[in-house]
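Notes to accompany the following structure.
Number of protein chains: 2
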Amino acid sequence: MKTEIISIGSELTSGQNLDTNSQWLSRRLAEIGIAVAFHTTVADDLEDNVAAFRVASQRAGLVLVTGGLGPTQDDLTREALARLAGVELVFHQESFDRIQAMFARLGRTMPETNRVQALFPAGAEPIPNSHGTAPGISLQVGSCQLFAMPGVPSEMHRMFEKRIRPRLLSLGLGGGVLLQRKINCFGTGESVVEEKLLDLTRRGHVPEVGITVSDATVSLRILARAATHEEALAQIAPVEQTIRERLGDLVFGVEDEELQESVLRLLTEKRLTLATAEGVTGGLVARRLALVKGASAWFRGGLVAYDNELKFTMLSVPRPLVEAQGAVSAAVAEAMAVGCRTHFQTNLAVSTVGIAGPEGQSDKPVGLVYTALAWKDGVKSVSSNWPLAREEVQSRAAKQALNLVRLHVLRHG
Amino acid sequence: MKTEIISIGSELTSGQNLDTNSQWLSRRLAEIGIAVAFHTTVADDLEDNVAAFRVASQRAGLVLVTGGLGPTQDDLTREALARLAGVELVFHQESFDRIQAMFARLGRTMPETNRVQALFPAGAEPIPNSHGTAPGISLQVGSCQLFAMPGVPSEMHRMFEKRIRPRLLSLGLGGGVLLQRKINCFGTGESVVEEKLLDLTRRGHVPEVGITVSDATVSLRILARAATHEEALAQIAPVEQTIRERLGDLVFGVEDEELQESVLRLLTEKRLTLATAEGVTGGLVARRLALVKGASAWFRGGLVAYDNELKFTMLSVPRPLVEAQGAVSAAVAEAMAVGCRTHFQTNLAVSTVGIAGPEGQSDKPVGLVYTALAWKDGVKSVSSNWPLAREEVQSRAAKQALNLVRLHVLRHG
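Those protein sequences? They're chains F and X, same order as listed. Just so you know, we're using this note's numbering here: the first sequence kicks off at 1 and counts up by one. Just so you know, we're using this note's numbering here: the second sequence kicks off at 1001 and counts up by one.
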């Protein structure tokens, strides 16, 4: 049985607002073991609403609708559901009394227009709304169970939690658990990661393993469906272990964890301080570290040296080195890291140089980046070349720098 | 003719990620007069993909698809489109060569799995991707024109702007014009701004004027609907002028322009150099400046001084000052700006100190921020207190610092 979520409103299809209701519902449904196959968003147009409901009722066994239950002329869910079911709208006294009582509690007179909120498709069941005037609607059409809820997030959330979720559980929908584990990697491409995991990512594998890439971070999602939380965990654990064994230190964290959090966790464990000397990233490495709570204990600070002169005066980079090799070179990145470590008096220092664009240099293309790490006994650098937009080059260079710190502390701590 | 946008990915239907691609596309389409009737989001499942494409191709004349074009096994758009059209997938040498060239530029060997990205439904037209390996697909099915684009936002944005939009215009899709002008302000609250513009923001005003606030930046949106671009512009121009007259130097930019862009434009005009000395913002001011193209000409660099010791050694802040007033004080912010200007040898220097949390200090609450600006003849500071989360405090402190620079250069150049 498939599940579909429908959000109604021209403010969504026009792009004015972002549809967060569907995301919220998908997450809540996953918690009770219901996977969502489709989200549909439809403008405030009666025919389009009927069409969307019809498609959903044919391809899905459970449909959750949000929006279109208000009192105004562009609120069309009631009428569209009636047309879908081929029935009339009928007046429901109890719902009407509740709406009036809601207005009375607010010390206001009910406008005549709110009367339409007490109309329901014949045969439908009203769902009381404890925090607003719009009742929800439960309706069976063929083999499809539809629930319509208000679009106002706070009202929708309460109606789902109090009324819909218990109903889904009692209908024996859900019942199981859908549990997801996300494992984040950095340091190689999506296809290289997948090549190591082809047996896991193939279709039909239990649990399901998906792979996505975002700004050079490759994430694996293990999705387990089981009767209980424990069984789902038991499905995930061995797969997570296999992934970790095969990917080794490509893996830096789980769920929403970012590289800088992994770096700060390692610095804290090993009691090592860090400073940054940034060219191409212009403060982004420092910025990301500073986002982490408690960062100031181990991240001491950094220098953004856009002007070459600062590399000489504040990082003691030898002037002839820049003249001989150019500012964007492995040698200068290494000298910056070494100088930064001395000036900031830290255990580790990391540096970035590169060309973020828009223009490259004669012999150096946009996207060329060197990052270097200095520690007590040495210094090393890595280079990359991403022919990307300015912001993307900076973001990846920052990740490369953070990853250099991570791998060093992990391996040599 | 109706338009539908389809986003593909289990990370969307599961609620893990929010579908921002559909919103972005809806906005871009509105700009060329195309209203969107449906958004559909579908999980990584071949049958569901085919079903979603079929429904869309029947109810819409224009369908834009994002996602599912990657090289991995859960990328199913190519195959689903082929099934929809009832054709085979065929290999396209030119696209294959482009993918190989992209890997070559990155200095990497193309994994065998990426070969699938050169497969297209027979009869479809490949759309080159200048910034990624996944080409797009243009396909006519019955009376429906489909365009499939990568799901990675940066790649999708470029492909739409460069390839799809011109095509839509040449096909004569799009009709009237929906034109929006956004005017951005910083330095006061939303209600103060609205009080100055009540006659414009009332409902029914033509053109429509909306007001929104995001991270302390207050934006006014003028929305004009007209038959032609010129008519829409003519609606907008006098309203924009009125807004600018009434708001004066609260206005810093238009459309997506940010404070740092306004700052760098002013620095360039007046030929002034700038450096940053950051405490609470941890590199965010430098980071934002570095995001602007050409920043390095006037933004020389900055210091992130998380560790107090760095304020003494690298900014010459007098140690007794910190002992007497505390690091989070107007006096220390001012001393940092003055010291930064000297050490970095710039015309202007701006500094931030404050408490981003999670914990405050006995006499200083989370959200207390001082920012200071030093110039040739003096120094000044402003303070604020936002009882917000860490990231929000840092972001607003950075904006306050940038605004200090902006107003100074604007007024005293």
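Don't be surprised by glycine CBs; every beta carbon is placed ideally from N, CA and C. Computed from a predicted model, the values in this text were never measured in an experiment.
Examine chain X for any beta-carbon lying closer than 8 angstroms to the beta-carbon of residue i, and answer yes or no.
i: residue 293/F; result: yes
i: residue 192/F; result: yes
i: residue 72/F; result: no
i: residue 211/F; result: yes
i: residue 242/F; result: no
Residue i touches chain X at which residues, Cβ-Cβ below 8 angstroms?
i: residue 36/F; result: 1013, 1014, 1015 and 1043
Using the beta-carbon of each residue, which ones in chain F are nearer than 7 angstroms to residue i?
i: residue 1386/X; result: None at all; the shortest Cβ gap to chain F is about 17 angstroms.
i: residue 1307/X; result: 300 and 301
i: residue 1051/X; result: 59
i: residue 1107/X; result: 385
i: residue 1030/X; result: 14 and 15
i: residue 1111/X; result: 191, 192 and 195
i: residue 1287/X; result: 282, 283, 284 and 287
Which residues in chain X have a C-beta closer than 9 angstroms to the C-beta of residue i? List them in chain order.
i: residue 314/F; result: 1301, 1303, 1314, 1343 and 1344
i: residue 39/F; result: 1007, 1012, 1013, 1019, 1039, 1040, 1041 and 1042
i: residue 24/F; result: 1015
i: residue 77/F; result: Residues of chain X passing the Cβ test: none, with the nearest at roughly 16 angstroms.
i: residue 221/F; result: 1010, 1011, 1014 and 1016
i: residue 180/F; result: 1014 and 1016
When you compare the CB of residue i with every CB in chain F, is at least one pair closer than 8 angstroms?
i: residue 1284/X; result: yes
i: residue 1381/X; result: no
i: residue 1207/X; result: no
i: residue 1131/X; result: yes
i: residue 1010/X; result: yes
i: residue 1085/X; result: no
i: residue 1290/X; result: yes
i: residue 1256/X; result: no
Does the beta-carbon of residue i have 16 or more other beta-carbons within 10 angstroms, so that it is buried, or is it exposed?
i: residue 149/F; result: buried
i: residue 113/F; result: exposed
i: residue 1/F; result: exposed
i: residue 1170/X; result: exposed
i: residue 122/F; result: exposed
i: residue 1408/X; result: buried
i: residue 1206/X; result: exposed
i: residue 1339/X; result: buried
i: residue 199/F; result: exposed
i: residue 95/F; result: buried
i: residue 91/F; result: exposed
Using a Cβ-Cβ cut-off of 6 angstroms (strictly less than) and excluding sequence neighbours within five positions of residue i, which residues of its own chain qualify?
i: residue 1286/X; result: 1276 and 1302
i: residue 297/F; result: none
i: residue 1300/X; result: 1273, 1275, 1344 and 1346
Kindly list the residues whose CB is nearer than 8 angstroms to the CB of residue i, restricted to its own chain and excluding five residues on each side of it in sequence; keep chain order.
i: residue 1219/X; result: 1182, 1183, 1184, 1185, 1211, 1212 and 1213
i: residue 1389/X; result: 1357
i: residue 1188/X; result: 1218 and 1250
i: residue 1261/X; result: 1253 and 1292
i: residue 77/F; result: 8, 49, 65, 67, 68, 69, 137 and 148
i: residue 193/F; result: 185, 211, 218, 220, 247 and 250
i: residue 1215/X; result: 1392, 1395, 1396 and 1399
Quick one: what's residue i bridged to in DSSP?
i: residue 1361/X; result: 1364/X
i: residue 1222/X; result: 1181/X and 1209/X
i: residue 1385/X; result: 1368/X
i: residue 253/F; result: 184/F
i: residue 1065/X; result: 1006/X and 1148/X
i: residue 374/F; result: 349/F and 379/F
i: residue 278/F; result: 304/F and 352/F
i: residue 1039/X; result: 41/F and 1005/X
i: residue 1096/X; result: None, per the DSSP bridge assignment.
Taking 7 angstroms as the limit between beta carbons, can you name the residues of its chain near residue i, skipping five residues before and five after?
i: residue 1304/X; result: 1278, 1282 and 1283
i: residue 337/F; result: 277, 349, 350, 351, 372, 373, 374 and 379
i: residue 1005/X; result: 1022, 1025, 1026, 1036, 1039 and 1064
i: residue 1088/X; result: 1082 and 1122
i: residue 259/F; result: 186, 252, 399, 402, 403 and 406
i: residue 142/F; result: 57
Output, in chain order, the set of chain X residues within a Cβ distance shorter than 7 angstroms of residue i.
i: residue 310/F; result: 1300, 1301 and 1344
i: residue 27/F; result: 1015
List the residues of chain F that residue i touches, going by C-beta distances under 9 angstroms, in chain order.
i: residue 1350/X; result: The contacting residues do not exist; residue 1350/X stays about 13 angstroms from chain F at best.
i: residue 1358/X; result: 293 and 294
Below 8 angstroms on C-beta distance, what does residue i contact in chain F?
i: residue 1154/X; result: 388, 389 and 392
Members of the segment 1321-1333 of chain X that neighbour chain A once the beta carbon cut-off is set at 7 angstroms: The displayed structure is made up of protein chains F and X, and chain A is not among them.
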